[in-house]
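In this note's numbering, the protein residues as written are 36 to 346.
Built from N, CA and C at the ideal position, the CB exists for glycine as well.
Remarks on the structure that follows.
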Ligand SMILES: [Fe+2]
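Written as structure tokens, this is what we have:
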């Protein structure tokens, strides 16, 4: 409604009329708001990118620190029990390569890798007889003791924040697919996937490196356990993976000096320190960290100058 004004500019109520405001140009305002919004969105996107990058770096740092701590733990175990340390390292490496070869996600590969690396941690500090003797040759009281290592292992790892899924693999790595394993007699897919994988890789490593079975005999033994000991789907994929693993294992050995070791070589000899402790077990593929470790312990390595490798 338009105000009525007299000649002096007073309105009908005797008040000075307000000066007429210029109507804003709506298109101009809208365009300005859009520009402000675009600026805000650009700022938010930049902040979002920075946050994602920071989270990625934090995740990598946490993973690196975690990996370093677990490796340190395994090195300590290796110093105390030569076979057990080697077994854990090889089982973890075979598990990692197997999981990658069947294209499991990287997160699952890491989960299974750490489950394999720590699966027998419950045997650390126990009577060495428990790691040296095949379970079927143990007297009953020893077998009962041996079986507890799954529960001890789970308890040790459960005390570390956020490792519940790794702890579950450790607890269940002696379960059988048919439900006749230990400690919980879980059956089929009630056994966590990582434990079904570690179960088969653990047995494979023991057959090859502990009982010195031929690859052919070990393959037959795995086949005989399909559906009873092993998940048929995991076993089928593992049997397809064996030729890939065996390529390196079966390659003709070359003798090289410790100074000539290179990343990617498959180690066919244990490297032992002069005090009898295991430095690096046979059956692993050398990476730079392992080569650096061998060089830093060079003066303590027993009187050998060459090792057998395949590459
Ligand atoms: Fe075990």
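Beyond the five residues adjoining it in sequence on each side, residue 189 comes within less than 6 Å, by CB distance, of 202, 205 and 206 in the same chain, given in chain order.
Those residues whose C-beta sits under 7 Å from the nearest heavy atom of ligand 1 are, from N- to C-terminal order along the chain, 154, 155, 158, 184, 185, 208, 209 and 237. Beyond the five residues adjoining it in sequence on each side, residue 186 comes within less than 8 Å, by CB distance, of 157, 206 and 218 in the same chain, given in chain order. C-alpha of residue 149 to C-alpha of residue 334: approximately 31 Å in a straight line. For residue 83, the number of other beta carbons within 10 angstroms of its own is below 16, and it is reported as exposed. Excluding the 5 residues flanking it on each side, residue 250 has same chain C-beta neighbours closer than 8 Å at 243, 277, 281, 284 and 285, in chain order. In the structure shown, residue 72 falls within a helical segment according to DSSP collapsed to helix, strand and coil. Residue 265 is bridged by DSSP to 261.
In this structure, residue 314 sits near residue 308, with a CB-CB distance shorter than 7 Å. Counting along the chain, the unbroken alpha helix (DSSP H) around residue 146 starts and ends at 141-152. With fewer than three CB-CB distances shorter than 8 Å, the segment 134-149 does not count as touching the segment 167-183. With 16 or more other Cβ atoms inside 10 Å of its own Cβ, residue 265 counts as buried. Here residue 233 has 126, 130, 147, 150, 151, 154, 204 and 208 as same chain residues with Cβ atoms under 8 Å from its own Cβ, once five neighbours each way along the sequence are excluded.
Taken through DSSP and simplified to helix, strand or coil, residue 313 comes out as strand. Residue 172: not part of any beta strand (DSSP E); DSSP gives it neither H nor E. Residue range 323-331 is occupied by the alpha helix (DSSP H) that includes residue 323. For residue 341, there is no enclosing alpha helix (DSSP H); the residue is found in the beta strand (DSSP E) stretching over 341-345. Here residue 252 is exposed. Its C-beta has fewer than 16 other C-beta atoms within 10 Å. In this structure residue 296 is in contact with residue 321, their Cβ atoms being roughly 6 Å apart against a cut-off of 8 Å.
Take residue 326, set aside five residues on each side of it, and the residues of its chain with a beta-carbon closer than 8 Å to its own are 296, 297 and 298, in chain order. Excluding five sequence positions before and after residue 267, the CB atoms of its chain that fall closer than 8 Å to its own CB belong to 212 and 261, given in chain order. Under the DSSP assignment, residue 291 falls in the beta strand (DSSP E) whose first and last residues are 289-292. When DSSP states are grouped into helix, strand and coil, residue 301 belongs to the strand group.
The DSSP-derived three-state label of residue 319 is coil. Taking the Cα of residue 345 as reference, the smallest distance to any Cα among 310, 324, 319 and 287 is reached at 287.
About 6 Å separates the CB atoms of residue 181 and residue 170; that is less than 8 Å, so the two are in contact. Comparing C-alpha distances from residue 133 to each of 255, 332 and 236 shows the shortest one belongs to 236.
In the three-state reduction of the DSSP assignment, residue 191 falls in the helix class. CA-CA distance, residue 323 to residue 300, rounds to 11 Å.
For the 7 Å CB-CB criterion, residue 103 and residue 113 do not form a contact.
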